[in-house]
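Presented below is the structure to which this report refers.
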Amino acid sequence: MYRLVKIKVDIPTPFITTDYTGKFVKTVLINANPNLNEIFQGEKKVYPKPLRITSLLKDNNEAVYPKRIVTNFSVDSKPKEPPKPITIRGAYWFYVGYETSLEPEISKAIASIFSGFNMRYGEFDLKIKAVELSQESFDDFPTEFSQVRVKLITPSLFKDPFEKLASVDRIKTRRYLPFPPFIFSTNVFEIFRETYKRNIIRLSYGLLESHNNLNTATKVWYYYDGKWLPGVIGYLKFFVRKGLKKEVISAFREVFIHANLMGVGTGRAAGFGFAQITAR
């Protein structure tokens, strides 16, 4: 079982940063409950991690972080200069998705943020206090649908599903084509581990991309640990192939709900892969 909460925090003292703001969100949660540090970056490697976050967000869910969005693919090369610092001050949102086994630790962190606390971030002394909380539910996600829309809000870094399926030495690599098996490979692995191959193939066969995806998804450069790195953002539309069995549609529904709760791709515990999936 998984849960997703949306937290609004007030940051009255401004600070400036050139780094991805998912780092800041992670620092807030670890300061609120140091036990979460082991989950975020402990020595014991757990994959996929049972926790995901987002970057800081504005009221309209616009992601806040230094970036260069590629609008002309004739000039899409990596930026040569560091980004201009951005100023963070006032009210921002972020999401936390987690397995329910983490409920005690997440509740402890949320209680601490609502009480308010001081923390050091870089060269800045900050006061953090939560002012609003909501729990997101997807119980009303349609059980029948012919179209699926995917909005990639924070940079998405897709995982290659064929690493597990090919009978060759596995070399981990990121994929950037917004192709359903790439987008949802982590979600399929988490909820259909025993039938992973079957469900990856079903996604590939059953979801047909709109040609408009070539115009509505794009590359974004984000700045992380002093480096410009590529990710994928934007809007995607897929059509469900006619004649699919109900059990296949039901499996797709589970995958999409999981993606709404826990994000897509890799780096979700660092704030990447925040996606909103709708269907009709």
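Remember, this note's numbering sits 96 above the position in the sequence shown when you count from 1.
No residue lacks a Cβ here, since even glycine has one placed at the ideal position from N, Cα and C.
As the structure is a computational prediction, the values presented were derived from the model and not from experiment.
Requested in this report: Identify, in the order they occur along the chain, each residue of the same chain with its Cβ nearer than 7 Å to the Cβ of A205, setting aside the five sequence neighbours on each side.
Outcome: L125, A128, N129 and L132
Query raised in the report: So what's R337 in DSSP terms, helix, strand or just coil?
Result: coil
**Report entry** Distance between beta carbons of I112 and I37, contact taken as under 8 Å
**Finding:** Outside the displayed range of the chain (97 to 376) lies residue 37, so it cannot be described from this structure.
Requested in this report: Have a look at Y116 and Y319 and give me their C-alpha separation to the nearest angstrom.
Outcome: 6 Å
Query raised in the report: What are the boundary residues of the alpha helix (DSSP H) that S377 is part of?
Result: Since the displayed the chain opens at 97 and closes at 376, residue 377 lies outside it and no answer follows.
Query - Nearest candidate by alpha-carbon position, reference F254, set G322, R294, A366 and G327 - result: G327
Query raised in the report: Using DSSP with H/G/I as helix, E/B as strand and the rest coil, what is N214?
Result: strand
Report task. Return the first residue and the last residue of the beta strand (DSSP E) that R99 is part of. Result -> Y98 to T113
**Report entry** Rounded C-alpha distance that separates N157 from D235
**Finding:** 21 Å
Report task. Put F278 into one of helix, strand or coil per three-state DSSP. Result -> helix
Query raised in the report: Hey, which unbroken runs of the alpha helix (DSSP H) at 4 residues or more fall wholly within the region 125-154?
Result: 132-137
Requested in this report: Taking the CB atoms as reference points, tell me whether I149 and L222 lie closer together than 8 Å.
Outcome: no
Report task. Over the uninterrupted alpha helix (DSSP H) stretch that includes T312, give me the two end residues. Result -> N309 to T312
Requested in this report: Just the C-alpha distance for G218 and N356, rounded to the nearest angstrom, thanks.
Outcome: 32 Å
**Report entry** Alpha-carbon to alpha-carbon, S230 and F352
**Finding:** 20 Å
Query raised in the report: Is the distance from the Cβ of Y278 to the Cβ of R271 below 8 Å?
Result: Note on identity: in this sequence residue 278 is Phe, with Tyr being the wrong assignment. Yes, they are a contact pair.
Query raised in the report: Which same chain residues, not among the five before or five after E174, have their C-beta less than 6 Å away from its C-beta?
Result: Here residue 174 is Lys; the residue named in the question, Glu, does not match the sequence. Counting only Cβ-Cβ distances below 6 Å, and skipping sequence neighbours, we find W324.
Query - L299 - containing alpha helix (DSSP H), residue span - result: Y292 to G302
Query raised in the report: With C-beta atoms as the reference, is V360 less than 8 Å away from T282?
Result: yes
Query raised in the report: How many whole angstroms separate the CB atoms of A226 and K104, which I take to be in contact at a CB cut-off of 8 Å?
Result: 7 Å
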